[in-house]
Each structure stands twice: as C-alpha cells, then as structure tokens.
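*Asks:* Per the numbering used here, the sequence shown starts with residue -9, numbered consecutively.
Even glycine gets a Cβ: it sits at the ideal position worked out from N, Cα and C.
The structure displayed is predicted, hence computed values, not measured ones.
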Amino acid sequence: MSSTLSRPVPRRAVFGLMAGACGMAALGSLEGCAGRDDAQGAGSAAPIDSKKTVTVAMNASCEPAAGFDPLVAWGCGEHVHEPLIQSTLVTTDDEMNITGDLARSFVCSADGMVWTFDLRDDVVFSNGEPLRAQDVAFTVNAVAHGDTSEADLSMVREAVATGDHTVELHLTKPYNALLYTLAVLGIVPEASYGEGYGASPIGSGRYVLEQWDKGQQVIFAANPRYYGPAPSMERVVVVFMEEDAALAAVRSGQVDVAFTYPTHSDQTVDGYELVAYRTVDSRGISLPTVPAGGTKVLEGDIAYAMGNDVTCDVAVRRAINMGIDRQAIIDHVLNGYGRVAYSVGDGMPWSSEDMAVEFDRDGARALLDEAGWKLDDDGVRWKDGVRAAFDVWYSSDDSSRQAMVNELCQQLHELGIDAAPRGSSWDEIYLHQFESPVLWGWGSNAPVEVYELHYSTGWGNYPCYENAMVDAYLDEALAQTDLEASYPYWKKAMWDGEEGVAPQGASTWCWMANVDHLYWKRDGLDVAGQKPHPHGHGWSLVNNVDAWAWK
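1. According to DSSP, is residue 122 part of a helix, a strand, or is it coil?
2. Taking the beta carbon of residue 533 as the centre, do at least 16 other beta carbons fall within 10 Å, making it buried, or is it exposed?
3. Using CA atoms only, rank isn't needed, just tell me which of 468, 430, 427, 308 is closest to residue 441.
4. Quick test of your reading: residue 501 and residue 332, contact by CB under 8 angstroms. State the CB separation rounded to the nearest angstrom.
5. Using DSSP with H/G/I as helix, E/B as strand and the rest coil, what is residue 26?
6. Based on the DSSP secondary-structure assignment, which residues constitute the bridge partners of residue 413?
7. Residue 87: buried (16+ other C-beta within 10 angstroms of its C-beta) or exposed?
8. Going by CA-CA distance only, name the one from 61, 107, 344 that's closest to residue 334.
9. Measure the CB-CB distance between residue 133 and residue 79 and report whether it falls below 8 angstroms.
10. Smallest Cα separation from residue 51: which of 264, 147, 527?
11. What are the boundary residues of the alpha helix (DSSP H) that includes residue 320?
12. Based on Cα-Cα distance, which residue from 459, 458, 438 lies nearest to residue 449?
13. Just how far apart, CA to CA, sit residue 284 and residue 425?
14. If residue 61 sits next to residue 178, beta carbons under 8 angstroms apart, how far is it from one beta carbon to the other, in whole angstroms?
15. On the DSSP bridge list, what partners appear for residue 431?
16. On the DSSP letters alone, give me the boundaries of the beta strand (DSSP E) that residue 47 sits inside.
17. To the nearest whole angstrom, what separates the beta carbons of residue 324 and residue 358, a pair I think is in contact under 8 angstroms?
18. Determine the contact status of residue 58 and residue 38, defining contact as a CB-CB distance below 8 angstroms.
19. Whose C-alpha, out of 529, 230, 260, 105, is nearest the C-alpha of residue 70?
20. Counting Cβ pairs, one atom from each stretch, are 3 or more of them under 8 angstroms apart for the stretch 152 to 171 and the stretch 93 to 109?
21. Which whole-angstrom value is the C-beta distance of residue 47 and residue 245, which I expect to be below 8 angstroms?
22. For my contact list, residue 512 and residue 262 are in at a C-beta cut-off of 8 angstroms; report their separation, rounded to the angstrom.
23. Taking DSSP's pairing of strands, which residues face residue 373 in a bridge?
24. Which residues mark the beginning and the end of the alpha helix (DSSP H) in which residue 397 is found?
25. Mapping DSSP to helix, strand and coil, what is residue 192?
26. When the Cα atoms are used, what is the spatial distance from residue 43 to residue 49?
27. Can you tell me which of 118, 419, 187, 317 puts its alpha carbon nearest to the alpha carbon of residue 394?
28. Buried or exposed for residue 287, please, with buried defined as at least 16 other CB atoms from any protein chain shown within 10 angstroms of its CB.
29. So residue 82 and residue 435 are supposed to be a Cβ contact under 8 angstroms. How far apart are they, rounded?
30. Measuring straight from C-alpha to C-alpha, what distance separates residue 381 and residue 408?
31. What separation, rounded to the nearest whole angstrom, lies between the Cα atoms of residue 123 and residue 108?
32. When you compare only the Cα positions, how much space is there between residue 391 and residue 420?
33. Smallest Cα separation from residue 473: which of 64, 97, 41, 55?
34. Is there contact here, the stretch 477 to 485 with the stretch 444 to 463, by at least three beta-carbon pairs under 8 angstroms?
35. Between residue 278 and residue 454, how many whole angstroms is the CB-CB distance? I'm expecting something under 8 angstroms.
36. Does residue 228 come out as helix, strand or coil in the three-state DSSP assignment?
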C-alpha cells in the first residue's frame, strides 16, 4: 500500500472511548462552563471567547488513570480514540481509508514486512523542539517492547529512524492492521519523555493540556504551534461525572454536551436536543462450539473449563441466530436507539453482507426439530439425554446489558431453549468465558477484532472454533500490502460460499444490536460530521472537536 499526501493534512479520525480511573465532578466545581454568555477559561486569567469554548460531560470512567500518556493507555486499548494532545503517524478519512498525519507518504515492501513512513519537516512539539523520526522510532519501540502500553504493536520487530524524517517499521509477520493502531498512537518526544509525563504531556497535536483537576475535569487549549489548520474550538473542557450528575449538569445549563443512556431518552431539556450517533458498538453472545469437558489454558498455566453440550450443536447455534428478533431487542431495551447487528463492525469496508440472517422463528424451530431436539412437556427441548439449557452471562453493573439478556432469554424460551440470565462481575464471568454464552460488547473502526474473535488462537475466540481455512483467509487479509485488497479476504473468512463463521455456517456468535451513543447537546452547537463511533461512550465524540462551532 502506498499513499502520497498533500499538505497541510487535517486530522479527522474516528476511534472511541478509553477506560480509565473513576472520578466525580461536583456541579459547583465546573469551570469555564457557567453558561454560553459568560464562559471564562479555567486556570487562565485571560478572558475566553465563549464562541470558541465548549464543555463536555463524560462518564467518570473516561478519566485516564495514568494521565495523558500514549505509552500507557491514552488513545489506545480496548476503547481507542485520537489522543488530541499528540500527533499520530496516520489517521483515517471519512471512508475509513488510512491517510497521513505526521506522514507525508507511506509504503509497504512487497513481502509486507517493512513499512516506511516519510514525515513532515515542519512539526514541533509544544515545548518548541522539532519532531523527528527518532521520536517516532522511540514511541513505537517503547510500545512494541515495553510492558506498560495497552496498544498492540507486538508484530513490530524494530522501528528504525533512517534519517531525521524517515522511519521504517520492521515486522515479524505481515500485519497491515497495525496502521489502525498507528492512527491512534500519539508520538511522544524521546528527549522529554519520563516519569510524570502523563500529568504534563508534551505533544505536537491540536491541543495542549492546560489544566487537570483529577477526579473532576481536564482542560485542553489550542496548540499555537500546531502545524495544521488552527482549531476553531480553542478551549475544550471535559468534566467527569456519573450519568445522573451529567443530566443534572444539563438541566442547570453547566455543560454543552453530556452523555446519557436510553433510560433518559424520553425526557426533554429546554435548550438542548437529544442526539443519537450511529456506532459499530456491537452487542452479541459467544456460542461455544465444542462439547463440555475440555480445558483451555491461557498464559501458560491458567486453565478454564471449555465447551457446552448444547451450543456445540451447530443446529442450535444456527437456530439461535435465525430465531432471535433483533429489532424487538432494540425497541424494548434501547428504546429504538440502535440498529440490528449481524457481525462485529457492520458497515465497515471489511464487513460481509453474508453475515445477515432473516428473522424466522418457525424456521429456527424446524431446524431444532430436524436436528433431533425434541420438546418435553415443560416446553424445553432434549436430545440424547442433554437438556437444551445454559446460562447467559452479563456484566451486572450494566443495566442495559441486563435488560438485553433478559429479553434474549425470553425469546430463546420460545424456541424451547431454557436460557438463564446470570449477572456477575467480570472476574467471575471470565471463569465461564469458554463454556457458556456471554454477552460481550465489541466494535472497532479496525478489522483487528474480526481477526481476534474468529482466529483459532485469537484472544477473543471464546467460541473455541478452529478452522484452518478461516485462519488462512484472515492471515491473507493481513498480508495484503494494500488495505483495499484485504477486504475480500476478511469477507471470505465470514463466508466463502461453502464455509465460514457466518450464521449459515459455523454460526459462532449471535450478534444482536449496534447501540446508538446518546448525548444531550446544547442548541446552537455544531459538532460537525460524526463518523460511526466504536465500542465505548466518550472520547470518540471529541475526535473532531477542533472542527466544532457555535452557530
């Protein structure tokens, strides 16, 4: 894959929320957000133009525990997003194509083992020092070979600066999806990086960290040394609070944007509108494909029970996919704020239309009948002494997941399957991750999860499904030196006409819904074009905050 880029290159990417430490912001402590007419910059004596300031309420879990450090978790991990303070090598355009940020151009060797990036020569860090290829190499090597980062660059053998403005990434295997990680990995200065960086970060991105009141708020100010177009939103205040506090802040007019959930979607607030943004934030259950009695060993010595005597029957898995009314789940649980989902990442360039399955409850019952699952007097099916019964686990601290699992189990009962909701902590859920269906939340603006959830040795292969042909398609997808050329292979891994993980094939997952991300937004605020948000509810909203404007 190669790309030549013109300058300047605006940054408009779409990634999502990161998990971090919890914090609570009291309404009285919010600074710079007392209302649109008298906004004043927190931590600064200079008056701030209210038309160039915005205050956003995010969940308390959005606050980064280690600060704004890309070498730990800022911008990366399960919930990825743009780092704002730091620049990235590449980014994504509106069609999810990789384009450049620091990189003017990039090219992959014919064997897929070396990626070369030519960098801009006009970039300086916020301390005035020039950004060079050595800083990029330092950042990538620290992630690839360190033990602190939540980003995965384990496929990078070594990053080498071959000049002040050229860097090479030498891989251990072809892996084009590393570009999606590089699109959210902020570059840090080698000379200035050290202990305490997360609290006082130096970067070359659109914003600088002006103030961080831990447990309450963080304030970003436009970076005067930024090499791209100057942000139209010059100051961004992010306050951390729980859902009820966020709603109270909206009602009192102290924030301009605040996250919320479907449970509050029937309310109205003067001066605000409820906005729903489309996502690839997918909810679905894993379906173990092997019989009970096995053991799966992780990390060398941690053994987990593996297999389920009901879902190991492919007819059961296909019937579940066919017999679930996904729209009813969206209507009853999400108050209509969502879309039916058939795979992780529906609508992405690599997603397959073959994952869609038509709702047919009578057809699902017929599948079970044909497979020998007979109804007993209590309405539950049996086959060869095995009762069609299993637990469906979910995180008990998530009310929407609880409601979704309850609705799902009721629908499964109509098929003759005795599914029981089991809410618990993730610590307990993980003990059952390979032997029982679990309601998971995934979804990324990258095909990495497609690989990991379906590859035989993938970290997310909870169904324990192994298929050499599927693995070969997935490996071939990653080996392409042009991303667009990889899309057919991702799709063939789902279904190639004869086999794959799709509902008409191995049916390893039952995806149900992509949940909309809901926010209260003050009238008159234009948040520009929001691309589909990935899994997670928070930082993905402000990926393009530099382009926001007050009407």
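*Replies:* This is what the structure holds:
1. One-based indexing of the sequence shown puts residue 122 at position 132. Here residue 122 sits in coil by DSSP.
2. Here residue 533 refers to the residue found at position 543 when the sequence shown is read from its first residue. Burial call: buried.
3. For the purposes of this step, residue 441 is taken as residue 451 along the sequence shown, with counting starting at 1. Ranking 468, 430, 427, 308 by CA distance to the CA of residue 441 puts 468 first.
4. The count along the sequence shown starts at 1 and reaches residue 501 at position 511. The count along the sequence shown starts at 1 and reaches residue 332 at position 342. So it is a contact: roughly 5 angstroms between Cβ atoms.
5. The sequence position of residue 26 within the sequence shown is 36, counting from 1. Because the pLDDT of residue 26 is 49, which lies under 50, any placement of that residue in the model is unreliable, and the number read from its coordinates should be weighed accordingly. Here residue 26 sits in coil by DSSP.
6. By 1-based counting over the sequence shown, the position of residue 413 is 423. Among the bridge pairs identified by DSSP, residue 413 is matched with 384.
7. By one-based count along the sequence shown, residue 87 stands at place 97. With a threshold of 16 other beta carbon atoms within 10 Å, residue 87 falls short and is exposed.
8. Counting from 1 along the sequence shown, the entry for residue 334 is found at position 344. Out of 61, 107, 344, 344 has the C-alpha closest to the C-alpha of residue 334.
9. Sequence index remark: in the sequence shown, residue 133 carries index 143 (1-based). Sequence index remark: in the sequence shown, residue 79 carries index 89 (1-based). Not a contact, by the Cβ cut-off of 8 angstroms.
10. Taking the first residue of the sequence shown as 1, we reach residue 51 at position 61. Comparing Cα positions, the closest option is 527.
11. Start at 1 with the first residue of the sequence shown, and residue 320 comes out as number 330. Unbroken alpha helix (DSSP H) run through residue 320: 316 to 323.
12. Taking the sequence shown and counting its residues from 1, the one referred to as residue 449 is at position 459. Looking at 459, 458, 438, the one whose alpha-carbon comes closest to that of residue 449 is 438.
13. The residue labelled residue 284 in the question sits at position 294 within the sequence shown. The residue labelled residue 425 in the question sits at position 435 within the sequence shown. Cα-Cα distance, rounded: 9 angstroms.
14. Counting from 1 along the sequence shown, the entry for residue 61 is found at position 71. Counting from 1 along the sequence shown, the entry for residue 178 is found at position 188. Between the beta-carbon of residue 61 and that of residue 178 there is about 7 angstroms, and that keeps the pair under the 8 angstroms contact cut.
15. Translated into positions along the sequence shown, residue 431 becomes position 441. 273, per the DSSP bridge assignment.
16. Your numbering for residue 47 matches position 57 in the sequence shown. In the DSSP assignment, residue 47 falls within the beta strand (DSSP E) that extends over 43 to 49.
17. Numbered from its first residue, the sequence shown carries residue 324 at position 334. Numbered from its first residue, the sequence shown carries residue 358 at position 368. Their Cβ separation, rounded to whole angstroms, is 28 angstroms, which puts residue 324 and residue 358 out of contact at 8 angstroms.
18. Locating residue 58 in the sequence shown gives position 68, where the first residue counts as 1. Locating residue 38 in the sequence shown gives position 48, where the first residue counts as 1. Not closer than 8 angstroms, so no.
19. Along the sequence shown, read from residue 1 onward, the residue named residue 70 stands at position 80. It is 529.
20. Contact check between the stretch 152 to 171 and the stretch 93 to 109: three or more CB pairs, one atom from each, fall below 8 angstroms, which counts as touching.
21. Here residue 47 corresponds to residue number 57 of the sequence shown, with the count starting at 1. Here residue 245 corresponds to residue number 255 of the sequence shown, with the count starting at 1. With 8 angstroms as the limit, residue 47 and residue 245 qualify as a contact, their Cβ atoms being about 4 angstroms apart.
22. As a working mapping, residue 512 is identified with position 522 in the sequence shown. As a working mapping, residue 262 is identified with position 272 in the sequence shown. Indeed they touch by this definition, with Cβ atoms about 6 angstroms apart.
23. Locating residue 373 in the sequence shown gives position 383, counting from the first residue. Note: residue 373 is bridge-paired with 376 in the DSSP secondary-structure output.
24. The residue you call residue 397 lines up with position 407 of the sequence shown. For residue 397, the enclosing alpha helix (DSSP H) stretches over residues 389 to 403.
25. As a working note, residue 192 is residue 202 in the sequence shown. Residue 192 falls in the coil class under three-state DSSP.
26. For the purposes of this step, residue 43 is taken as the residue at position 53 of the sequence shown. For the purposes of this step, residue 49 is taken as the residue at position 59 of the sequence shown. Spanning the two alpha carbons is a distance of roughly 20 angstroms.
27. Here the question's residue 394 lines up with position 404 in the sequence shown. The shortest C-alpha separation from residue 394 is found at 317.
28. Residue mapping note: residue 287 aligns to position 297 of the sequence shown, counting from 1. Per the 10 Å Cβ criterion, exposed.
29. As a first step, residue 82 is located in the sequence shown; it is residue number 92 there, counting from the start. As a first step, residue 435 is located in the sequence shown; it is residue number 445 there, counting from the start. With a Cβ gap of about 7 angstroms, residue 82 and residue 435 count as contacting.
30. The count along the sequence shown starts at 1 and reaches residue 381 at position 391. The count along the sequence shown starts at 1 and reaches residue 408 at position 418. Each residue's CA atom was taken as its position, placing residue 381 and residue 408 some 8 angstroms apart.
31. Here residue 123 refers to the residue found at position 133 of the sequence shown. Here residue 108 refers to the residue found at position 118 of the sequence shown. Between the alpha carbons of residue 123 and residue 108 lies a distance of about 9 angstroms.
32. Translated into the one-based positions of the sequence shown, residue 391 becomes position 401. Translated into the one-based positions of the sequence shown, residue 420 becomes position 430. Cα to Cα, residue 391 sits roughly 16 angstroms from residue 420.
33. For the purposes of this step, residue 473 is identified with residue 483 of the sequence shown, where counting begins at 1. For the options 64, 97, 41, 55, the alpha carbon positioned closest to that of residue 473 is the one of 97.
34. The way I'd put it, the stretch 477 to 485 does touch the stretch 444 to 463; three or more beta-carbon pairs between them come closer than 8 angstroms.
35. As a working mapping, residue 278 is identified with position 288 in the sequence shown. As a working mapping, residue 454 is identified with position 464 in the sequence shown. Your pair residue 278 and residue 454 checks out as a contact, with CB atoms roughly 6 angstroms apart and the cut at 8 angstroms.
36. Reading the sequence shown from its first residue, position 238 is the one you call residue 228. Residue 228 falls in the strand class under three-state DSSP.
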